[in-house]
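**Student:** Basically the numbering used here = 1-based index in the sequence shown + 109.
Once you've had a glance at the structure underneath, I'll fire off some questions.
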Amino acid sequence: MGFLNTFLEFLGFGIGLPFGLLIGFFLFVYSKPKDVKDPVVRPLHELDTDALLDILPDIPLWVKCPDYERVDWLNKFLLDMWPYLDKAICAIIRRTTKPMFAEYIGKYKIEAIEFEHLTLGTLPPIIQGLKVYETMEKDLVMEPAIRWAGNPNIVLVLQLLSVRLRFQTDSASLQLVDLQIFAAPRVALKPLVPTFPCFANIVVSLMERPHVDFGLKILGGDVMSIPGLYRLVQDMIKKQVASLYLWPQTLDIPVLDASTMVIKKPVGILHVKVVRAKKLLKADILGTSDPFVKLSLTGEKLPAKKTTIKKRNLNPEWNENFKLVVKDPESQVLQLQVFDWDKVGGHDRLGMQFVPLKVLTPRETKEFTLDLLKHTNISDSQDKKQRGQIVLELTYVPFREDSIEFSGPLDGNDGRGSASGRSSSGDESLSGAGLLSVIVQGAEDVEGKNHINPYALVLFRGERKRTKKIKKTRDPRWNEEFQFTLDQPPLHELIRIEVMSKRTSFSFRSKESLGHVEINLDDVVHNGRINQKYHLIDSKNGVIHVEIRWITV
């Protein structure tokens, strides 16, 4: 019976298969098609949420979030640059992982770990949207939403007890498939400097844990389908990445060397006491001179400091003190020039001398008695004339390290202003000398009745300093810094900043006030720094952006 049943089954299959194919063919050829109706086309705004999700299962962020911008041009740029970016990124990965691999050599019988082949594939990441933050710092902050579904090819070689094991992403034994990465990093270009490419560092941090999805096949079997393993690997990857780059952790990528940056921060104060001069040259007809001294630091554009004029005196006594802001004590030089004052015409130079700051010991006063020279060429054999001597005392006082550290911008500010805290304890920051730095960044919506050629005036302790004038604008950008060296912190004091406008041609009403603001400096002394926008008094909508720092010695 078993044989008979098997025979009948094969016989039925052999007769039924061709018979069924024959009937299907005749039905396909001779059957009449029904009327096909055109699909209903409706505008997107008439569709409900479920219909939209069926049509667009992955809506980009620039559609869902209005503060994200569409950046098709940037994706086109990435597509064209990807072959070169691939090589550059892989080189960074090799440099970064080399010391990590070195830690395991010698352990667990491991002799070597290295990448035999490393490429991210031919598919570049796609930026689904870009959000740019407006801050009041000297930086550019943006958040791209990045999605990458790549086809990387990675060959990792592990040498274990003289046996080389090759782990390859596309090999038959081990295969990494369907790699997808979703991340929303915050990228900050800071600080902005007037040296190409106009920013010194790239600071990257993740605002949320990235989503990494992939499949792993070994000998053709999907290992990630094992219950619980997929979630375990996902959590492990997220924790490792978060421990390295989740905010406030950052990845700092230097772009410009600090030595090549044009802008340098103050690091100390040079106290100069011009004591006296001896046996100066006779420059006047009556056989005497009217000497005064000009002193300045090389590399500075600030006006030179001047002593008082001693009339008809070849051995003047000044005993006058000056303070100069130092930005690079290793390279800057104090330049001294002694002049004979003339009422008419230019002043005659009696002699000059230089003192490199690197010869000074911090916080130690050193007295110098210097022979005056005609010019900077010391080896000039023709200049044998005695020009006298000048006596001065120099003391270089560097700023406190914590004061310099906390005078810079903070990360993660909300864009509405910021103040930095100090790590010092007690009342050390509330006593002693220091430097008050006032940076007038710019103004917005200033209005004038007769003309708009705005400039800013900074008034403090009787000193008056002004920015450059910008013609015909309601939103001037000055970005100018003014410094005041003080013996005591400016507690309970106000600094006044006025925005003025001046007519370019002669007129009886050539100047006009566009508004002013008075800022209490208590917060600056306690916090070390403020960076805010202030509404101008006597102005309808005018706003001025000011940054003030207090750095103690």
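Note that beta-carbon positions come from the ideal geometry of N, C-alpha and C, so glycine has one too.
Note that the coordinates shown come from a computational prediction; the quantities given were computed from them, not determined experimentally.
Which two residues bound the contiguous alpha helix (DSSP H) that contains residue 201?
**Tutor:** Here the alpha helix (DSSP H) through residue 201 covers 181-211.
**Student:** Where DSSP assigns a beta bridge to residue 355, which residues make up the other side?
**Tutor:** Paired residue(s): 315.
**Student:** Any idea if residue 295 is buried or exposed, counting beta-carbon neighbours within 10 angstroms, 16 or more meaning buried?
**Tutor:** It counts as buried.
**Student:** Who are the near neighbours of residue 232 in its chain, counting only those whose CB is closer than 7 Å to its CB and skipping five residues on each side?
**Tutor:** Within the same chain, residue 232 has close Cβ partners 258, 259 and 260.
**Student:** Could you round the C-beta distance between residue 199 and residue 244 to whole angstroms and report it? I think they count as a contact, below 8 Å.
**Tutor:** At roughly 33 Å, the Cβ-Cβ gap does not stay under 8 Å, so residue 199 and residue 244 are not in contact.
**Student:** Using 8 Å for Cβ pairs, my map puts residue 501 next to residue 382. What's the rounded Cβ distance?
**Tutor:** Rounded, the Cβ-Cβ distance is 6 Å, consistent with contact.
**Student:** For a quick check, are the C-beta atoms of residue 442 and residue 465 less than 8 Å apart?
**Tutor:** Yes. Within cutoff.
**Student:** Just list the alpha helix (DSSP H) runs in the segment 553-582, keeping only unbroken ones of 4 residues or longer that don't cross its boundaries, in chain order.
**Tutor:** Taking only runs of at least 4 residues, no alpha helix (DSSP H) segment lies wholly in the segment 553-582.
**Student:** Could you check what DSSP says for residue 331 in three-state terms: helix, strand or coil?
**Tutor:** In the structure shown, residue 331 sits in a strand (DSSP, three-state: E or B).
**Student:** Going by beta-carbon coordinates alone, are residue 463 and residue 503 separated by less than 8 Å?
**Tutor:** Taking 8 Å as the Cβ cut-off, residue 463 and residue 503 do not qualify as a contacting pair.
**Student:** Could you give the C-beta distance for residue 625 and residue 642, rounded to a whole number, given that I count them as a contact under 8 Å?
**Tutor:** 15 Å between Cβ atoms; not a contact.
**Student:** For the pair the segment 172-186 and the segment 238-254, tell me if three or more CB-CB distances fall below 8 Å.
**Tutor:** Result yes; three or more Cβ-Cβ pairs closer than 8 Å.
**Student:** Just the C-alpha distance for residue 408 and residue 436, rounded to the nearest angstrom, thanks.
**Tutor:** Using only the alpha carbons, I get a separation of about 9 Å.
**Student:** Residue 269 and residue 220: beta carbons closer than 8 Å?
**Tutor:** The answer is yes: Cβ separation under 8 Å.
**Student:** Alpha carbon to alpha carbon, how far is residue 619 from residue 583?
**Tutor:** Approximately 17 Å between the Cα atoms of the pair.
**Student:** To which residues does DSSP link residue 242 through a beta bridge?
**Tutor:** Residue 242 pairs with 250.
**Student:** By Cβ distance, which residues of its chain are closer than 6 Å to residue 421, with the 5 residues on each side in sequence left out?
**Tutor:** These residues qualify, in order along the chain: 397.
**Student:** Do the CB positions of residue 293 and residue 351 come within less than 8 Å of each other?
**Tutor:** Contact: no.
**Student:** How many Å lie between residue 377 and residue 497 at the Cα?
**Tutor:** Their Cα atoms are separated by approximately 31 Å.
**Student:** Over what stretch of residues does the beta strand (DSSP E) that includes residue 633 continue unbroken?
**Tutor:** Run containing residue 633: none in the beta strand (DSSP E); it sits in the alpha helix (DSSP H), 631-636.
**Student:** Determine the contact status of residue 662 and residue 557, defining contact as a CB-CB distance below 8 Å.
**Tutor:** Cβ distance not < 8 Å, so residue 662 and residue 557 don't count as in contact.
**Student:** By Cβ distance, which residues of its chain are closer than 7 Å to residue 469, with the 5 residues on each side in sequence left out?
**Tutor:** Excluding sequence neighbours, residue 469 sits near 475, 503 and 505.
**Student:** Nearest to residue 393 by alpha carbon, out of 353, 453 and 380?
**Tutor:** Per the Cα distances, 453.
**Student:** Leaving out the 5 sequence neighbours to the left and right, which residues in its chain are closer than 7 Å to residue 574 when beta-carbon positions are compared?
**Tutor:** Correct list, in chain order: 567 and 591.
**Student:** To which residues of the same chain is residue 656 closer than 6 Å at the C-beta, ignoring the five residues directly before and after it?
**Tutor:** The residues are 548 and 640.
**Student:** Going by the CB atoms, is the gap between residue 308 and residue 265 shorter than 8 Å?
**Tutor:** Taking 8 Å as the Cβ cut-off, residue 265 and residue 308 do not qualify as a contacting pair.
**Student:** Quick one: measure Cβ to Cβ for residue 247 and residue 300, integer angstroms, because I've assumed they're closer than 8 Å.
**Tutor:** About 5 Å; that satisfies the 8 Å criterion.
**Student:** Can you tell me whether residue 126 is helix, strand or coil according to DSSP?
**Tutor:** Residue 126 falls in the helix class under three-state DSSP.
**Student:** Give me, in chain order, the residues of the same chain whose beta-carbon lies closer than 7 Å to that of residue 457; leave out the 5 immediate sequence neighbours on both sides.
**Tutor:** So the qualifying residues of the chain are 392, 448, 449 and 451.
**Student:** Thinking C-beta only, is residue 577 closer than 8 Å to residue 564?
**Tutor:** In contact: residue 564 and residue 577 (Cβ atoms closer than 8 Å).
**Student:** List the residues that DSSP assigns as beta-bridge partners of residue 177.
**Tutor:** According to DSSP, which records beta bridges pairwise, residue 177 is partnered with nothing at all.
**Student:** Here's the rule I'm using: 16 or more other beta-carbon atoms within 10 Å means buried, otherwise exposed. How should residue 427 be labelled?
**Tutor:** The residue is buried, with at least 16 neighbouring Cβ atoms inside 10 Å.
**Student:** Using the C-alpha atoms, what's the distance from residue 235 back to residue 187?
**Tutor:** Cα to Cα, the separation comes out at about 8 Å.
**Student:** Report all residues from its chain with a CB closer than 7 Å to the CB of residue 306; omit the five preceding and five following residues, and keep chain order.
**Tutor:** Hits under 7 Å: 364.
**Student:** Give me, in chain order, the residues of the same chain whose beta-carbon lies closer than 8 Å to that of residue 424; leave out the 5 immediate sequence neighbours on both sides.
**Tutor:** Around residue 424: 385, 386, 387, 388 and 389.
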